[in-house]
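What follows is a set of notes on a single structure, which appears directly below.
Numbering (mature numbering (1 follows the signal peptide of the UniProt record, and there is no 0)), first residue to last: -18 to -1, 1 to 583.
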C-alpha cells in the first residue's frame, strides 16, 4: 500500500546504510531480535549525535515496543518544544498518549494536525502516512477525507482509501468507495470484483452492494460500469433472472452486440439455470442472422434445451424434437467447424437415446471429412465414433478407432484416454488380465483423471479375482457396466441385482452400490441414489470408491436436491479425509463456492 511506503523506505534505507557501520548494524540486529532496550540505547546515541530522522523512528519504536512509555513521552515532549513545526514529533506524542490511555489528549493532537495541514494533496498524504505508521488507521482515513473535502476533489486518494477500508474489513465503506470510484476510475472494475467477492460473505453483504449501486444509478442511470457491477452482483447471488433483465436493458440502451449476454448465458448454463440461459440465447437469436452471435447462440439455445432434457428424464418425443433442431442447424449452415458441436450432440442423441446407431455413425464419419479440422478435434471424433461402434456391438471397429488415436497421440492426454477406452473394452469383454495390464501402464499417465480411472480399474480387477466365485461375479458385473455404458439402465440394474443371488458372498458389494447409484442418478431416482452412496460411506470406508461416493453424494445434494449445507459438509469431509484424491481440487472449489467466496466472472 502506498501509505506505508515511507516507513518501509526508512527501515530499508537504514538496513542498507547499517550494513557498513558496526554500531548501526548491531542496533538494528537487536531491534529485529526483540531486544528493544539494547536497541534503544544505541539508537539514542545515534539520534542525539546528528538528529537523523531515521534514527528517531527506530529509537522511538524501540521505546514503545520495550514499554518505556514514560521515557518516550519525555523524549517527544522535548522534541516538540525544540521543533514545534515538525509534524512527526507531534504525532509521536499523540501515539504515546494513546498507549497511556490518554485518548482525549491524543485526539486533540491528531485533530489539530489534520486541521492545520497544508492545503495540498501531498500534505494530506504525508499526514495519513504518519497516522498509518502509528497504527491510527481511522485518523489516516480522516486525513484523506479531509483532503478531499478541502481540495474539493472526490477522485483523490481512491487507492489509499480502498486499501485502508480493505485492511480494516470495513465492508460498508469499501463498497461505497468502489461504487463512488468506478465512474472516475473504470480500470478498477476487475479489482473491485475480486476484492468484493473476497470480503462480501452473505446475502446481506451483497444487498449492501446492490443498495449502493442502485442509489448511484438513480443519479446516473446510463452508467455502464455500474450497471455491469450490478449484473455481476446478481450473478454472485445466483439471481440469474435479475442479471439477465439487467443485461438485456443495457444491451438495448447501447444497441450492443450482445456479447455480454452471451458470456453470461454460458455462466447460467454452467450453473444449471437452464430456463434463464434459454431466454438469453433466444434474445440473441432474435437480434437476427446478421449478428455475429446468431449461429453460436442458435447452437447454444438447442444445447441448453438438450442439457435441460438430460437433467430430467427425457421422453422420446422431446429427444426427437432436439435431434430435429440440431439437424436443422446443420442443414441450414452446412457441416463445418462451426456446426461440428451440433453434429456431435445429434450423434449423441441418436446413439444413446434413440438407438439409431447407423445414423449416429454416419454423422460422425461425415464429420471426420470436414476440411481443416483441427487434429485434436479429429482424434476426439474418432473416440466418440469408437464408443458408438461399441454401442452398436462392433467392438473390433471400436478398438480400431481407439488404437489409431492412442498411437497418434502417445504420451498425450487424449492418447491416454484412448488407451483407457481400449482397456475398458477388454474389461467389458471379460478379458480381465489384459485389461489390468493396460490399466497398470496408464497409472503413470500425465492425465490425473485417466491415471485415477486406470488405478480404480486395476484395483477393481485385482480385488475381485481372488477366487472362482468372485471371478464369475466380476464377469456379471462387467456385463452390467457395459449395459450401463450403452444406456440400458433397466437391464443393467437387473443384472446388478442378480449378482449376489447367483454368487453369494462375492467381494463386489461396494462396486455394485456405486453402479446402482449411477443408474439411479441417471434415471432421476435421487433418493435411491443417496441411499446407495450413504451405504458405501457408512459401511465401506476403505473402498476404492469412497472418495467417488462422497463427491457424488455431495454433487447430488448440491445440484439435484438443493441441500447446500449437506453438500458443503461432504465436500469438507472429502477435502479433510482424502487430501490425495483427484476429486479434492474440484471439491475445494465447490466448497468455496457454497461458502460464498468463489469469484464468478
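Each residue gets a CB set at the ideal place from its N, CA and C atoms; glycine is no exception.
| Item | Value |
| --- | --- |
| CA-to-CA distance, residue 547 to residue 563, given in whole angstroms | 22 Å |
| Rounded C-alpha distance that separates residue 129 from residue 106 | 6 Å |
| DSSP-derived helix/strand/coil call for residue 38 | helix |
| Local conformation of residue 525 per DSSP, three classes | coil |
| Start and end residues, alpha helix (DSSP H) containing residue 287 | 276 to 293 |
| Sequence-distant residues of the same chain with beta carbon closer than 7 Å to residue 457, five excluded per side | 412 |
| Segment limits, alpha helix (DSSP H) that includes residue 153 | 153 to 166 |
| Spatial distance of residue 283 from residue 451 (CA atoms) | 51 Å |
| Ranges of the alpha helix (DSSP H) found wholly within the segment 525 to 579, counting only runs of at least 4 | 528 to 537, 546 to 559 and 566 to 577 |
| Buried or exposed by the 16-neighbour rule on C-beta atoms within 10 Å, applied to residue 202 | exposed |
| For residue 4, the three-state DSSP class (helix, strand or coil) | helix |
| Cβ pair residue 293, residue 256 closer than 8 Å | yes |
| Alpha-carbon spacing of residue 500 relative to residue 410, whole angstroms | 17 Å |
| Integer Cβ distance of residue 18 from residue 47, believed to fall under 8 Å | 5 Å |
| Proximal residues to residue 312 (C-beta, below 8 Å), its chain only, five neighbours per side dropped | 321, 324, 325 and 328 |
| Contact under 8 Å by Cβ, residue 414 with residue 370 | no |
| Reduced DSSP secondary structure (H/G/I, E/B, other) of residue 125 | helix |
| Through-space distance from residue 317 to residue 272, alpha-carbon basis | 20 Å |
| Extent of the continuous alpha helix (DSSP H) to which residue 319 belongs | Here residue 319 belongs to no alpha helix (DSSP H), and DSSP marks it neither H nor E. |
| Proximity winner among 33, 50 and 103, relative to residue 71 (alpha-carbon distances) | 33 |
| Cut-off 6 Å between Cβ atoms - residues of its own chain near residue 174, not counting five sequence neighbours on either side | 160 |
| Runs of alpha helix (DSSP H) wholly within the segment 448 to 536 (minimum 4 residues, chain order) | 450 to 467, 471 to 484, 491 to 504 and 508 to 521 |
| Proximity below 8 Å, CB of residue 158 to CB of residue 194 | yes |
| Host alpha helix (DSSP H) of residue 187 (start-end) | 185 to 201 |
| Through-space distance from residue 196 to residue 345, alpha-carbon basis | 51 Å |
| 8 Å contact criterion, which residue 208 and residue 164 should meet: CB distance rounded | 6 Å |
| Status (buried if at least 16 other CB within 10 Å, exposed otherwise) for residue 45 | buried |
| Proximal residues to residue 379 (C-beta, below 6 Å), its chain only, five neighbours per side dropped | 371 |
| Delimiting residues of the alpha helix (DSSP H) encompassing residue 586 | As displayed, the chain neither begins before -18 nor continues past 583, which places residue 586 out of reach and without an answer. |
| Cβ shell of residue 191 (< 6 Å), same chain only, five flanking positions each side left out | 157 and 215 |
| Reference residue 539, options 522, 515 and 527, closest by Cα | 515 |
| Counted within 10 angstroms of its Cβ, other Cβ atoms place residue 575 as buried (16 or more) or exposed | buried |
| Where the alpha helix (DSSP H) through residue 435 begins and ends | 430 to 445 |
| DSSP state of residue 426 mapped onto helix, strand, coil | coil |
| Residue 222 - containing alpha helix (DSSP H), residue span | 222 to 236 |
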